[in-house]
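For the record, in the sequence shown the residue sitting at position 89 is 89 according to the working numbering, with numbers rising by one throughout. Virtual Cβ for every residue (Gly too), placed ideally from N, Cα, C. Owing to the predicted nature of the structure, the values given are computational and were not obtained by experimental measurement.
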Amino acid sequence: MAQLSADNLRSPSVGTVRRQVQLSHSNLTGFGDRLNATYYNTDGSNTLDDFSYTIPINSKNGTISLRHRRTSSEILEEFFDVDEDADEIDIETNSRTYEISFRQPIYQTLSKEIALGFTGSVDESKTTLNGEPFPDISDGEVSISSVRFFQEYTSRSTNDVFVARSEFSLGINDFDVSDINANNLDSFNEEIPDERYFSWRGQAQYLRLFAPDTVFLIRSDIQLTPSSLFAQEQFSLGGGLSVRGYRQDALIGDNGLFISSEFRFPILRVREWDAVLQVTPFVDFGTVWNSNDVELVEETLSSVGVGLRIQVGTRFSAQLDWGIPFVDIETNGDSLQEDGIYFYLRYRAF
């Protein structure tokens with residue numbers, strides 16, 4: 001399978017417009033194994049998003065997956081007032097992720113599945129400010145080693161689908177990659193996130209088909225933790241896949257809740273092209289909060305909006321959403337996201 005896509009779902013700090021290509025093979029060696037490679041870039045980033053290999057290991061559909069991800073990014077937005085005569089602020093980040101997962105269905109029928117699994121992961125990143133490690137206290141390096149236990153439930157019928165996922169994550173620092181610079185311990189913030197953390201995340205989605213191409217969809221996402229988390233593990237709100245009407249990652253916190261509902265109904269069909277155009281009114285809501293004493297300027301976002309979706313056969317699809325925010329927040333960007341507009345184009349070559 002080869003797929004090309006473009007959207008504006010990335011953070012304005014690295015450029016919102018994303019160009020993406022995905023290549024995958026679902027039976028690489030004839031044993032049901034799958035190889036996938038996804039690459040995308042923006043004006044300020046290059047990402048090998050999902051280089052993964054999955055292979056079945058038993059007759060009960062158990063699988064083992066290996067996954068790697070790496071990103072090189074440069075901050076494009078100006079977050080600080082800089083004197084015209086001063087040098088430009090150059091912030092760059094390089095990150096890498098390594099994962100191994102085991103997934104085993106423990107109950108399977110034609111309409112239902114329950115699966116359990118474990119994931120071990122290492123996330124490493126290094127940030128520089130004008131070529132120097134940033135923050136200096138950790139030499140600009142952060143490493144998060146995690147063990148995750150997940151549970152998945154899927155139920156299908158001719159008219160609806162319900163999917164739920166629960167995941168417990170435990171941070172460990174056995175690799176001890178990001179040692180703190182001892183010379184700077186006096187300035188060390190006691191609220192700095194810890195590599196040893198615990199969190200739970202739950203996600204659910206329900207889809208109901210009322211008539212051909214007439215669909216009701218509700219999504220929810222929640223994260224709870226007693227720990228102060230690094231940004232990689234925090235819960236974010238805002239953007240085309242979260243609370244629409246706001247820029248990507250408008251709010252970030254240790255804990256969070258998100259819920260969205262939308263109704264899709266057809267307004268035009270062109271049978272010669274196997275094409276359908278849908279209108280999609282939606283309502284989004286989300287809130288975040290921290291586990292420490294750090295208060296957020298805003299904690300809650302909500303919006304309503306409407307979108308258009310077009311599907312042409314199985315190869316081409318496009319989506320345009322416009323979200324109207326109920327809560328005003330300050331932003332310093334001028335992208336389409338700040339106006340609550342998001343687009344997505346996808347073409348499947350084969």
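For S220, the closest C-alpha among the options D33, E124, V163, F263 is that of V163. Annotation: L28 is outside any beta strand (DSSP E) and is labelled neither H nor E by DSSP. For the options L224, T225, R208, the alpha carbon positioned closest to that of L217 is the one of R208.
Residues R244, G245, S303, G305, G340 of the same chain have their beta carbon placed closer than 6 Å to that of G323, with the five preceding and five following residues left out of the count.
Taking every protein chain shown into account, the CB of T225 has 16 or more other CB atoms within 10 angstroms, so this residue is buried. 8 Å or more divides the Cβ of D321 from the Cβ of G333. Just so you know, the alpha carbons of Q20 and E338 end up roughly 22 Å apart. Secondary structure of Q232 (DSSP, three-state): helix. R346 sits away from S101, with the two beta carbons spaced by 8 Å or more. Linking S228 to V276 through their CA atoms gives a straight-line distance of about 46 Å. Per DSSP, the beta-bridge partners of V279 are F265, L308. In the displayed model, E299 falls within coil according to three-state DSSP, outside both helix and strand. The alpha-carbon of F51 is positioned some 11 Å away from that of R34. V288 is a Cβ neighbour of I252, given a cutoff of 8 Å.
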